[in-house]
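Asker: Position 75 of the sequence shown, counted from 1, bears residue number 75 in this note's numbering, the numbering being contiguous throughout.
By construction, the Cβ of each residue, glycine as well, lies at the ideal position given by its N, Cα and C atoms.
Structure incoming, see below.
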Amino acid sequence: IPGFAWITKSENVFLINFINGYLSVVLLLSIIQLLPLIFGLVANLYEKRKTKSDIEHSILGRFFYYQLANIYITVTAGTIFNALNLIIESPQEILIILGTSL
1 IPGFAWITKS ENVFLINFIN GYLSVVLLLS IIQLLPLIFG LVANLYEKRK
51 TKSDIEHSIL GRFFYYQLAN IYITVTAGTI FNALNLIIES PQEILIILGT
101 SL
């Protein structure tokens with residue numbers, strides 16, 4: 001990332017490991033914690049849902065679809081990128097690689 005070149009030049013190993021290992025996970029978990037609140041605001045203010053049960057139903061549905069899409073994209077993207085790397089290394093085995101990875 002362009003603005004964070006100073007991290008790789010730092011001699012503080014703890015700082016580098018903390019930023020690489022924990023900060024991204026904490027940021028992702030914070031976003032996941034905020035999603036139900038955001039979905040609730042969307043259901044209440046934008047969709048004009050009135051009852052609490054209807055708002056919670058909307059929140060659970062959206063959160064379920066978010067998690068499903070997140071897992072699907074993560075697994076699929078990882079598989080596709082690994083397959084592309086193998087295909088670039090040995091293009092003559094493209095059918096074997098695609099058959100085993102997909």
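Here's the rule: buried if 16 or more other CB atoms are within 10 angstroms of the residue's CB, otherwise exposed. What is A5?
Answerer: It counts as exposed.
Asker: Beta carbon of A77, beta carbon of I59: below 8 Å?
Answerer: The answer is no: Cβ separation not under 8 Å.
Asker: Does any CB atom of chain C fall closer than 8 Å to the CB of V25?
Answerer: As a matter of chain content, chain C is missing from the structure shown, which is built from one protein chain.
Asker: Between the beta-carbon of Y72 and the beta-carbon of L35, is there less than 8 Å?
Answerer: No, these two residues do not count as a Cβ contact at 8 Å.
Asker: Consult DSSP for T79 and reduce its assignment to one of helix, strand or coil.
Answerer: Of the three classes helix, strand and coil, the one that applies to T79 here is helix, per DSSP.
Asker: For F81 and K50, I'd like the C-alpha separation in whole angstroms.
Answerer: Going from the Cα of F81 to the Cα of K50 covers about 45 Å.
Asker: Please report the straight-line C-alpha distance between E56 and G40, rounded to a whole angstrom.
Answerer: C-alpha separation (whole angstroms): 7 Å.
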